[in-house]
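Residue numbers (our numbering): 5 to 279.
Where is the CB? At the ideal position from N, CA and C, for every residue including glycine.
None of the values given here were measured: they were computed from a predicted structure.
Okay, structure coming up:
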């Protein structure tokens with residue numbers, strides 16, 4: 005099983021879309037079984053596999069390499085994509101404004117929020133522990149792609165983790181319709197200084213990955229898949245099968261669990277009566 009640690013605004017939705025097209029109903033965009041759960045744990049993955057025993061790929065913001073998922077799937081392979089921190093932070097603010105989550109003149113207040121500072125570090129270790137995040141990147145992740153080298157990263161994946169050969173689409177999913185906010189922030193020295201100050205850990209993490217980990221991955225990767233050309237198809241039969249399972253089975257099961265419904269465990273099931 006492969007597991008994407010989805011970090012906001014690092015092309016994660018594009019990757020998940022591609023995985024739906026490649027794996028179909030064997031891929032799951034995981035949700036927290038309870039809203040207060042810090043991350044998906046082994047018990048949650050076991051619950052998922054009961055309703056989806058064929059699952060070979062998961063992805064989500066709640067996927068963490070420091071969780072106990074390997075207790076359920078010992079050979080689980082964690083991967084993620086990182087993005088240049090200043091660009092990622094600006095993209096997240098632009099996205100929040102576009103969705104109406106924050107006013108378009110609230111950047112100075114927004115950048116002071118803890119949940120948007122050093123987000124990539126926190127996504128790897130659950131806290132603002134830069135040294136810990138670098139250790140996770142170096143030792144616990146099976147693959148780290150870079151959004152700035154997106155097509156090359158996708159081409160490298162199959163020889164580094166057990167994933168199919170993936171050819172990216174020409175159009176990215178969830179891309180901004182307008183970059184006006186980005187241009188304004190990039191032209192504002194004070195705003196850039198605030199962004200750097202809020203992402204010191206992310207800058208250190210990204211620099212380490214870019215200088216040390218990614219070059220090693222490039223050397224290890226098979227050259228047979230590099231240079232894959234983007235394809236035009238946006239959906240296929242596997243994507244439709246994935247949507248059917250996601251909306252017809254998985255999301256209703258999570259919703260039922262959150263309301264308190266519990267299906268019986270295999271150990272406690274009452275044997276069917278046979279005359």
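Query: Taking 8 Å as the limit between beta carbons, can you name the residues of its chain near residue 88, skipping five residues before and five after?; Result: 151, 152, 210
Query: Can you grab the Cα-Cα spacing for the pair residue 167 / residue 27, in whole Å?; Result: 9 Å
Query: Can you list the beta strand (DSSP E) stretches of 3 or more residues lying completely in the region 127–195, in chain order?; Result: 147–150
Query: Among all the DSSP beta bridges, which residues are the ones paired with residue 83?; Result: 8, 147
Query: If the criterion is Cβ atoms closer than 7 Å, does the pair residue 49 and residue 76 meet it?; Result: yes
Query: What is the DSSP secondary structure of residue 291, counted as helix, strand or coil?; Result: Because the chain here runs from 5 to 279, residue 291 falls outside it and cannot be looked at.
Query: Going by DSSP, name the residue or residues bridged to residue 63.; Result: 8, 33
Query: In angstroms, rounded to a whole number, what distance separates the CA positions of residue 205 and residue 128?; Result: 12 Å
Query: Determine the burial state of residue 10: buried for a count of at least 16 other Cβ atoms within 10 Å of its Cβ, exposed for fewer.; Result: buried
Query: Starting from the Cα of residue 170, find the closest Cα among 185, 23, 254, 244 and give me that residue.; Result: 23
Query: Buried or exposed for residue 66, please, with buried defined as at least 16 other CB atoms from any protein chain shown within 10 angstroms of its CB.; Result: buried
Query: With DSSP collapsed to three states, give me the class of residue 58.; Result: coil
Query: What residue range does the alpha helix (DSSP H) around residue 13 cover?; Result: Residue 13 -> no alpha helix (DSSP H), and no H or E assigned at all.
Query: In the structure shown, what three-state DSSP assignment does residue 115 receive?; Result: coil
Query: Does the beta-carbon distance from residue 60 to residue 43 come in below 7 Å?; Result: no
Query: Considering only the alpha carbon of each residue, which of 148, 53, 185 lies closest to residue 225?; Result: 148
Query: Answer with buried or exposed for residue 259, where buried requires no fewer than 16 other C-beta atoms within 10 angstroms of its C-beta.; Result: exposed
Query: Considering only the alpha carbon of each residue, which of 138, 265, 123, 108 lies closest to residue 215?; Result: 138
Query: What's the C-alpha gap between residue 14 and residue 124?; Result: 9 Å
Query: With DSSP as the reference, label residue 248 as helix, strand or coil.; Result: helix
Query: Suppose you measure from the CA of residue 236 to the CA of residue 207; what does that come to, to the nearest Å?; Result: With a pLDDT of 48 at residue 236, under the threshold of 50, the predicted position of this residue should be treated as unreliable, though the coordinate-derived value follows. Near 34 Å, if we compare the C-alpha coordinates of residue 207 and residue 236.
Query: How would you write the range of the alpha helix (DSSP H) that residue 97 sits in, first residue to last?; Result: 89–102
Query: Among 71, 254, 58, which residue has its Cα nearest to the Cα of residue 145?; Result: 71
Query: Can you look up residue 265 in the DSSP assignment and give me helix, strand or coil?; Result: coil
Query: Compute the Euclidean distance between the alpha carbons of residue 46 and residue 31, then round it to the nearest angstrom.; Result: 17 Å
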